[in-house]
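Numbering (UniProt numbering), first residue to last: 1 to 371. Below: the structure, in structure tokens.
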């Protein structure tokens with residue numbers, strides 16, 4: 001743990017970038033959720049362990065503004081539990097990519113995504129590694145001869161892929177706290193490694209078992225998930241607008257927040273519509289696609305479209321309703337009555353389809369409307 005803390009401190013305190021032979025960013029996705037955070041930290045530490053004999057700088061980047069990170073309650077909870085001060089982390093508003101590019105020494109590894117946002121697009125030619133667990137976006141994936149390694153597999157958690165890479169390359173760096181973080185992330189992402197929910201795959205099970213063996217323990221997987229889900233759902237200190245920022249992805253300029261509750265219940269809050277209006281304005285978008293999940297008593301999911309752009313709203317509704325023909329799986333949507341004509345909400349009968357399934361459909365709708 002001491003070496004890991006030293007690694008984080010070196011990254012945080014680095015200033016004279018020209019003194020390094022190489023600078024290696026490890027960049028998580030813009031939701032900066034538990035999986036993205038832990039995967040970035042773990043892969044960066046692996047790279048650091050491989051380069052520690054040369055004057056190289058490895059920087060794990062939390063791809064969110066620092067002020068929004070405390071909204072991720074389960075991530076904050078786990079980091080503090082295992083002795084990592086969130087204030088020692090590096091956030092996207094604390095690092096100047098353009099300045100780093102000027103050194104000519106910058107390379108980047110992507111974890112938990114393979115398409116760069118507009119903010120990160122300037123890093124594209126520096127990308128040398130990709131680790132991701134979502135369906136490939138063939139049109140926008142980072143590609144080129146500069147990419148040395150691509151690991152994209154459909155598994156429940158990107159932490160599974162990163163842990164497997166560590167187990168293959170340098171398992172000696174899996175000290176107790178890091179093993180616990182990776183294990184808890186896999187448990188959380190796969191809903192307790194329960195295959196019934198459609199988020200658990202053989203590689204998740206294999207890696208989780210390796211980590212259990214490393215930790216010399218067999219914790220109750222369901223109990224661990226329930227604890228993390230309870231922490232995730234503790235929104236007592238968050239405003240209605242905060243909830244929209246705590247787990248946010250953006251596709252083609254369309255914000256897609258994930259909520260720790262059903263959207264149907266969120267919309268019953270007195271200030272929900274004002275929050276959505278302010279949120280879309282702040283994100284310079286006429287629309288938002290909001291994804292809800294309630295796992296308190298079995299898993300329930302829903303999705304809502306908040307938009308003042310009727311063309312986009314109707315296009316996306318048509319695509320979502322025809323997801324079987326377009327994407328090979330039926331969301332099984334049933335419309336839910338809302339109090340505002342700007343919002344259309346659907347309960348989702350097929351609970352195995354997550355936000356990862358919906359993201360490409362939003363991308364398609366946005367592309368069709370722009371063309």
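Don't be surprised by glycine CBs; every beta carbon is placed ideally from N, CA and C. Just so you know, these numbers come straight off a predicted model, no measurement behind them.
Buried/exposed call for residue 85, threshold 16 Cβ in 10 Å | exposed
What is the DSSP secondary structure of residue 334, reduced to helix, strand or coil?
-> strand
Sub-8 Å separation of residue 256 and residue 116 beta-carbons | no
Are the region 22 to 42 and the region 59 to 67 in contact at 8 Å, needing three or more beta carbon pairs?
-> yes
Round the Cβ separation of residue 201 and residue 155 to the nearest angstrom and send it over; I've been treating them as touching at under 8 Å.
-> 5 Å
Bridge partner(s) assigned by DSSP for residue 142 | Residue 142 pairs with nothing; no bridge assigned.
Smallest Cα separation from residue 246: which of 238, 253 and 252?
-> 238
Quick one: does the C-beta of residue 106 sit closer than 7 Å to a heavy atom of the ligand GDP?
-> With respect to the ligand GDP, the structure shown offers nothing to examine, as it has no ligands at all.
For residue 210, three-class secondary structure by DSSP = helix
For the alpha helix (DSSP H) holding residue 231, just list the boundary residues, first then last.
-> 221 to 232
My guess is that residue 251 and residue 322 are in contact by the Cβ rule of under 8 Å, so how many angstroms apart are they, rounded?
-> Wrong, their Cβ atoms sit about 19 Å apart, outside the cutoff.
Minimum C-alpha distance to residue 379 - residue among 265, 186, 89 and 149 = Outside the displayed span of the chain (1 to 371) sits residue 379, for which this structure offers no information.
Contacts around residue 51, its chain only, beta-carbon distance under 8 Å, and the 5 residues preceding and following it disregarded = 22, 24 and 58
Neighbour flag for residue 125 against chain B, beta carbons, 8 Å = Looking at the structure shown, chain B is missing, and only one protein chain is on hand.
Could you tell me which residues DSSP puts in a beta bridge with residue 119?
-> Paired residues: none, contrary to the question.
Secondary structure at residue 106, three-state DSSP: helix, strand or coil?
-> strand
8 Å Cβ shell around residue 299 - same chain, five flanking residues per side excluded | 191, 197, 293 and 351
By the 10 Å Cβ neighbour count, where 16 or more other Cβ atoms means buried, how is residue 234 classified, buried or exposed?
-> exposed
Roughly how many angstroms separate the alpha carbons of residue 334 and residue 262, rounded to a whole number?
-> 14 Å
Three-state secondary structure (DSSP) of residue 260 = coil
Around the Cβ of residue 260, are there at least 16 other Cβ atoms within 10 angstroms (buried) or fewer (exposed)?
-> buried
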